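Visitor:
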Amino acid sequence: MNQQYLPFLASEITDQTPEDALFHVIAVPYEKTVSYGGGTANGPGKILEASQQLETYDGFSCPCDEGIYTTEPVDCSGAPEVVIASIKEAVQRVYSFGDDKIPFLLGGEHTITNGAIQALHETGVEFGIVQFDAHADLRDSYEGSVWSHACVMKRAVDLGIPVMQLGVRAISLEEVKVREKHPDLISFIDGYELGIEGIPTGALLPEGFPEKVYITIDVDGLDPSIMPATGTPVPGGIGWHQVQQLLRKVAAERTVIGADIVELAPIENLHAADFAAAKLTYDLMGIIQRSID
44 MNQQYLPFLA
54 SEITDQTPED
64 ALFHVIAVPY
74 EKTVSYGGGT
84 ANGPGKILEA
94 SQQLETYDGF
104 SCPCDEGIYT
114 TEPVDCSGAP
124 EVVIASIKEA
134 VQRVYSFGDD
144 KIPFLLGGEH
154 TITNGAIQAL
164 HETGVEFGIV
174 QFDAHADLRD
184 SYEGSVWSHA
194 CVMKRAVDLG
204 IPVMQLGVRA
214 ISLEEVKVRE
224 KHPDLISFID
234 GYELGIEGIP
244 TGALLPEGFP
254 EKVYITIDVD
264 GLDPSIMPAT
274 GTPVPGGIGW
284 HQVQQLLRKV
294 AAERTVIGAD
304 IVELAPIENL
314 HAADFAAAKL
324 TYDLMGIIQR
334 SID
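For what it's worth, the working numbering labels the leading residue of the sequence shown as 44, then goes sequentially.
#1: Take Gly251 as the anchor and find which of Gly280, Pro205, Leu216 and Gly274 has the nearest alpha-carbon.
#2: Less than 7 Å between C-beta atoms, sequence neighbours within five positions excluded: which residues of the same chain meet that for Gln287?
#3: Taking C-beta to C-beta, are Val189 and Val117 nearer than 8 Å?
#4: From Asn45 to Asp201, what does the alpha carbon distance come to, in whole angstroms?
#5: Just list the residues that DSSP pairs Ser230 with in beta bridges.
#6: Spatial neighbours of Pro249 within its chain, please: CB distance less than 6 Å, with the 5 preceding and 5 following residues excluded, ordered by chain position.
#7: Using alpha carbons as the reference points, say which of Ile111, Ser139, Glu152 and Arg212 lies closest to Ile127.
#8: At which residues does the alpha helix (DSSP H) containing Gln161 begin and terminate?
#9: Please list, in chain order, all residues of the same chain as Phe140 whose beta carbon is under 7 Å from its beta carbon, the five residues on each side excluded.
#10: Using the Cβ count rule (16 or more neighbours within 10 Å means buried), how would you classify Gln208?
#11: Leaving aside the five residues before and after Asn85 along the sequence, list all residues of the same chain whose C-beta is less than 6 Å from its C-beta, in chain order.
#12: Shortest alpha-carbon distance to Ala179 belongs to which of Ile172, Phe147, Pro146 and Ser215?
#13: With a threshold of 7 Å on Cβ separation, who are the neighbours of Ile331 within its own chain once the five nearest residues in sequence on each side are excluded?
#14: Quick check for students: name the residue ranges of the beta strand (DSSP E) that lie wholly in the region 55-86, counting only runs of 3 or more.
#15: Secondary structure at Met44, three-state DSSP: helix, strand or coil?
#16: According to DSSP, what are the bridge partners of Asp303?
#17: I'd like the span of the alpha helix (DSSP H) that includes Gln174, first residue to last.
#18: On a Cα-Cα basis, can you pick out the residue from Ile172, Asp143 and Ala213 that is closest to Ile335?
#19: For Tyr185, name the three-state secondary structure that DSSP assigns.
#20: Restricting to Cα atoms, I'd like to know which of Glu311, Ala302 and Asn312 is closest to Leu323.
#21: Would you list the one or two residues that DSSP bridges to Thr273?
#22: With distances taken Cα to Cα, identify the nearest neighbour of Gly121 among Glu74, Pro226, Ala272 and Leu289.
#23: Within 10 angstroms of its Cβ, does Asn157 collect 16 or more other Cβ (buried), or is it exposed?
#24: Out of Ala93, Ala213, Glu115 and Ala272, state which residue places its alpha-carbon closest to the alpha-carbon of Ser54.
#25: Short of 7 Å in beta carbon distance, which residues of its chain neighbour Val168, apart from the five on each side in sequence? Order them along the chain.
#26: Taking only three categories from DSSP, how would you classify Thr324?
#27: Considering only C-alpha positions, which residue in the set Arg222, Ile130 and Gly110 is nearest to Cys119?
#28: Please state whether DSSP places Ala179 in a helix, a strand or coil.
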């Protein structure tokens, strides 16, 4: 393991092997297209560092009992297409140990999700994406790049992958039109609706949404009072217990086959945000573990 990156929860678990681990953590310190505050390249290292302070018992179970293996970090040098291809290969390596393995990518900017999506798409498996985010990320291009963090969900829609968006509260007219053009692929419960009306008591995901899902969590989907350490914070975000409840509903309704936590931009000496991202990662592992059991 690269000295800069401690294995996830290495303070509590040792001698993890990729063959025996259910969860495979992949650090992806990619930062090329951030458009406001920077620092996301430091996110994976800080999440892994903060994970050393986690308890193995998450309040309900011990997710690490299923095995957590931390891979070598992805080389993020080169053009976006090159890095995305490297991420895709890293995810494909996870599945080489068994199609039941679950990759957990730690970003880095949201662009990294493209690599995981491409890897899954090439397997031929039908899946949908559940996106927690303050932004829709449905621009066709942004600041001259189709691989901008602001375009990641549009790239998924271009592949015909259904997307469920949760917590969006900053969206352009261009993106509204994309939603209107693809009602069969894009579903959403935006930040205002979640904040005013709350989480639906019935099914969260639309009827017909694929059985297998990939979860992508842009930490700016959380309210800045919880997560100030992100490049594009937007008020009115999802609360801590809300995100937990939403994740539980997703895992209860569908099968989670992969996930990422992106856009943490660490603030010096603000450990709470780093720890929140690490705990959210581990809590999601626990939610998945209990949904399988």
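We treat Cβ as the ideally placed atom computed from N, Cα and C, and that holds for glycine.
Quick caveat: nothing in here was measured; it's all calculated off a predicted structure.
Guide: For this structure:
#1: For the residues Gly280, Pro205, Leu216 and Gly274, the minimum Cα distance to Gly251 belongs to Pro205.
#2: So the list reads Asp326, once near-sequence residues are dropped.
#3: Not a contact, by the Cβ cut-off of 8 Å.
#4: Only weak support is given to the placement of Asn45: the predicted model assigns it a pLDDT of 47, under 50, and the value that follows is read from those uncertain coordinates. The straight-line gap from Cα to Cα measures roughly 35 Å.
#5: Bridge pairing for Ser230: Met207 [DSSP].
#6: Here the set comprises Ser230.
#7: Restricting attention to Ile111, Ser139, Glu152 and Arg212, the CA atom closest to the CA of Ile127 is found in Glu152.
#8: Counting along the chain, the alpha helix (DSSP H) containing Gln161 begins and ends at Thr156 to Thr166.
#9: Answer for Phe140: Pro61 and Glu62, listed in chain order.
#10: Gln208 comes out buried.
#11: Excluding sequence neighbours, Asn85 sits near Pro309.
#12: With distances taken between CA atoms, Ala179 lies nearest to Ser215 out of Ile172, Phe147, Pro146 and Ser215.
#13: Within the same chain, Ile331 has close Cβ partners Ile145, Ala294 and Val299.
#14: Listed in chain order, the beta strand (DSSP E) runs fully inside the region 55-86 are 66-71, counting runs of at least 3 residues.
#15: Low local confidence applies: a pLDDT of 45 at Met44 is under 50, so the model's placement there is unreliable, with the coordinate-based value given in what follows. DSSP places Met44 in coil when its eight states are reduced to three.
#16: According to DSSP, Asp303 bridges with Leu148 and Thr259.
#17: From DSSP, Gln174 is part of no alpha helix (DSSP H) but of the beta strand (DSSP E) over Phe170 to Phe175.
#18: Minimum Cα distance to Ile335 is reached at Asp143.
#19: Correct three-state label for Tyr185: strand.
#20: Nearest of Glu311, Ala302 and Asn312 to Leu323, Cα basis: Ala302.
#21: In the DSSP output, where bridge partners are listed per residue, Thr273 has Leu307.
#22: Considering only alpha carbons, the answer is Glu74.
#23: Taking every protein chain shown into account, the CB of Asn157 has 16 or more other CB atoms within 10 angstroms, so this residue is buried.
#24: Residue nearest to Ser54 within the set Ala93, Ala213, Glu115 and Ala272 is Ala93 (criterion: CA-CA distance).
#25: For Val168, where only same-chain residues beyond five positions count, the Cβ hits under 7 Å are Lys255.
#26: In the structure shown, Thr324 sits in a helix (DSSP, three-state: H, G or I).
#27: Ranking Arg222, Ile130 and Gly110 by Cα distance to Cys119 puts Ile130 first.
#28: Correct three-state label for Ala179: coil.
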